[in-house]
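Enquirer:
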Amino acid sequence: MTLRLFITADLEAGAQLALCKEQAHYLANVMRAKTGEAVLVFNGRDGEWAGSLTHVAKNAVTLAVDSQTRPQAPEPDLWLVAAPIKKDCIDLVAEKASELGASALWPVFTRRTVTSRVNTERLSAHMMEAAEQCERLTVPQLLEPAPLDKALAGWDPARTLLFLDESGSGAPIAQVLADVPHGPLAVLVGPEGGFAPEERTMLAKLPFARPVSLGPRILRAETAAIAALAIVQAIRGDWSRGPRN
Ligand code: SAH
């Protein structure tokens with residue numbers, strides 16, 4: 003499989019780029035890439051480009067950009083707002099959110115959130131790696147972790163918040179989306195301990211928040227997040243995946 007890399011530099015035919023130290027290390031020492039090897043690169047702005055590695059050393063790799071393989075295309079505006087959970091589980095959520103086309107991941111601290119710190123660097127790395135592998139043209143944004151009430155206080159009311167409510171007060175996502183106008187969306191998932199009653203009461207008062215149910219079983223937070231994103235994408239997602247040039 004062709005190596006696919008996210009880079010921050012502008013992409014255009016003939017560009018010569020030096021990769022950052024971490025990427026160079028990964029390519030040279032983990033992937034054992036060779037000079038001359040073909041790569042695909044994307045930066046979230048200029049589409050996807052084919053190129054090749056022009057020099058591979060232990061901590062320094064350069065590449066030459068050749069021609070565009072896919073133009074940049076709009077992607078669904080779908081955030082995942084998630085209470086931090088155990089390390090392995092939040093790592094899984096970050097990876098799957100990227101694969102399932104979330105445009106942003108926003109860690110929010112709820113009453114029953116046990117985890118007090120979010121390793122944003124590690125989560126970003128997981129999302130980037132997943133984006134490289136799943137052939138997205140962007141990497142989801144990681145928004146600054148914040149307390150839930152703060153996140154809601156500054157919420158853009160145009161972004162419908164599908165609040166995953168394990169108490170069963172909500173309707174199925176398909177039903178809720180049927181009467182929500184097309185536009186930005188977010189999915190909110192609670193921590194291992196669920197939402198506190200006062201959080202549910204607060205959410206119920208917000209005009210942009212809609213409780214949704216994922217069925218009669220109580221899912222683990224990571225399952226709920228992944229299932230909800232998949233359902234939203236199945237209903238509202240963009241199915242056209244243009245062929246490579
Ligand atoms: N400990 C809690 C469960 C928390 S599950 C309890 O026993 O009630 C973690 C999160 O996953 C919940 O806060 C909710 O956002 C989501 N979730 C789990 N099952 C769900 C379901 N059936 N419908 C909607 N959301 C669900």
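Following our numbering, the numbering of the sequence shown begins with 3 at its first residue and continues without gaps. C-beta atoms are modelled at their ideal positions from N, C-alpha and C, and glycine is treated no differently. Since we're looking at a predicted model, the values are computed, not measured.
For W51, count neighbouring Cβ atoms within 10 angstroms of its own Cβ and tell me buried if that reaches 16, exposed if not.
Expert: Translated into the one-based positions of the sequence shown, residue 51 becomes position 49. By the 10 Å Cβ count, W51 comes out buried.
Enquirer: The beta strand (DSSP E) that contains A66, what's its start and end?
Expert: Reading the sequence shown from its first residue, position 64 is the one you call residue 66. First-last of the beta strand (DSSP E) with A66: V63 to R72.
Enquirer: Mark P218 as exposed unless 16 or more other C-beta atoms lie within 10 angstroms of its C-beta, in which case mark it buried.
Expert: By one-based count along the sequence shown, residue 218 stands at place 216. Under this definition P218 is an exposed residue.
Enquirer: Three Cβ pairs or more, each shorter than 8 angstroms: is that satisfied between the region 24-39 and the region 79-87?
Expert: no
Enquirer: Measure the alpha-carbon distance for G103 versus A75 and round it to whole angstroms.
Expert: Your numbering for residue 103 matches position 101 in the sequence shown. Your numbering for residue 75 matches position 73 in the sequence shown. Each residue's Cα considered, the two are about 13 angstroms apart.
Enquirer: Would you call the region 211-225 in contact with the region 128-136, where contact means no fewer than 3 C-beta pairs closer than 8 angstroms?
Expert: Counting C-beta pairs closer than 8 angstroms gives fewer than three between the region 211-225 and the region 128-136, which falls short of the contact rule.
Enquirer: Which residues mark the beginning and the end of the alpha helix (DSSP H) in which E134 is found?
Expert: Reading the sequence shown from its first residue, position 132 is the one you call residue 134. Counting along the chain, the alpha helix (DSSP H) containing E134 begins and ends at T122 to C136.
Enquirer: Which stretch, first to last residue, makes up the beta strand (DSSP E) that contains P213?
Expert: Counting from one through the sequence shown, the residue named residue 213 turns up at place 211. That run of the beta strand (DSSP E) goes A211 to S215.
Enquirer: Considering only their Cβ atoms, is the gap separating G53 from A66 smaller than 8 angstroms?
Expert: Here residue 66 refers to the residue found at position 64 when the sequence shown is read from its first residue. Here residue 53 refers to the residue found at position 51 when the sequence shown is read from its first residue. Yes, Cβ-Cβ distance for A66 and G53 is below 8 angstroms.
Enquirer: In the DSSP assignment, find the unbroken beta strand (DSSP E) run with H57 in it and report its ends.
Expert: Within the sequence shown, numbered from 1, the residue matching residue 57 stands at position 55. Looking at the DSSP string, the run of the beta strand (DSSP E) that includes H57 is E50 to V58.
Enquirer: Between which two residues does the beta strand (DSSP E) containing L163 stretch?
Expert: Numbered from its first residue, the sequence shown carries residue 163 at position 161. Here the beta strand (DSSP E) through L163 covers T162 to L166.
Enquirer: Could you work out which residue in S171, V43, A127 and V120 is closest to E146 when comparing CA atoms only?
Expert: Numbered from 1 along the sequence shown, position 144 holds the residue referred to as residue 146. The residue with the shortest Cα to Cα distance from E146 is V120.
Enquirer: Any idea what DSSP makes of L5, helix, strand or coil?
Expert: Against the sequence shown, residue 5 aligns to sequence position 3. Three-state result, L5: strand.
Enquirer: What residue from S126, P142 and R113 has the CA that sits closest to L150's CA?
Expert: In the sequence shown, the residue the question calls residue 150 occupies position 148. Residue R113 is the option with its Cα nearest to L150.
Enquirer: Evaluate T203 with the Cβ neighbour count: other Cβ atoms within 10 Å of its Cβ, from every protein chain shown; 16 or more gives buried, anything less gives exposed.
Expert: Sequence index remark: in the sequence shown, residue 203 carries index 201 (1-based). T203 comes out exposed.
Enquirer: What would DSSP say about P86, mapped onto helix, strand or coil?
Expert: Start at 1 with the first residue of the sequence shown, and residue 86 comes out as number 84. DSSP places P86 in coil when its eight states are reduced to three.
Enquirer: At which residue ranges does the region 172-206 contain complete beta strand (DSSP E) runs of 3 or more residues, listed in the order of the chain?
Expert: 187-191
Enquirer: What is the residue span of the alpha helix (DSSP H) that L150 lies within?
Expert: What you label residue 150 is simply residue 148 of the sequence shown in a count that begins at 1. L150 to A155 is the span of the alpha helix (DSSP H), which, as asked, contains L150.
Enquirer: According to the Cβ coordinates, are P78 and S100 closer than 8 angstroms?
Expert: Within the sequence shown, residue 78 is the residue found at index 76, counting from 1. Within the sequence shown, residue 100 is the residue found at index 98, counting from 1. Taking 8 angstroms as the Cβ cut-off, P78 and S100 do not qualify as a contacting pair.
Enquirer: Identify, in the order they occur along the chain, each residue of the same chain with its Cβ nearer than 6 angstroms to the Cβ of V191, setting aside the five sequence neighbours on each side.
Expert: Taking the sequence shown and counting its residues from 1, the one referred to as residue 191 is at position 189. For V191, where only same-chain residues beyond five positions count, the Cβ hits under 6 angstroms are A84, L166, A223, A226 and A227.
Enquirer: Taking DSSP as the reference, what is the three-state secondary structure of A15?
Expert: Start at 1 with the first residue of the sequence shown, and residue 15 comes out as number 13. Looking at A15 - three-state DSSP - the assignment turns out to be coil, as it is neither helix nor strand.
Enquirer: Give a yes or no on whether the C-beta atoms belonging to T4 and L42 are separated by under 8 angstroms.
Expert: In the sequence shown, residue 4 corresponds to position 2, counting from 1. In the sequence shown, residue 42 corresponds to position 40, counting from 1. Yes, these two residues count as a Cβ contact at 8 angstroms.
Enquirer: Grouping DSSP H, G and I as helix and E and B as strand, with all else coil, what is A75?
Expert: Taking the first residue of the sequence shown as 1, we reach residue 75 at position 73. Coil, per DSSP.
Enquirer: Any heavy atom of the ligand SAH closer than 7 angstroms to the CB of D181?
Expert: Counting from one through the sequence shown, the residue named residue 181 turns up at place 179. False, no ligand heavy atom lies under 7 angstroms from that Cβ.
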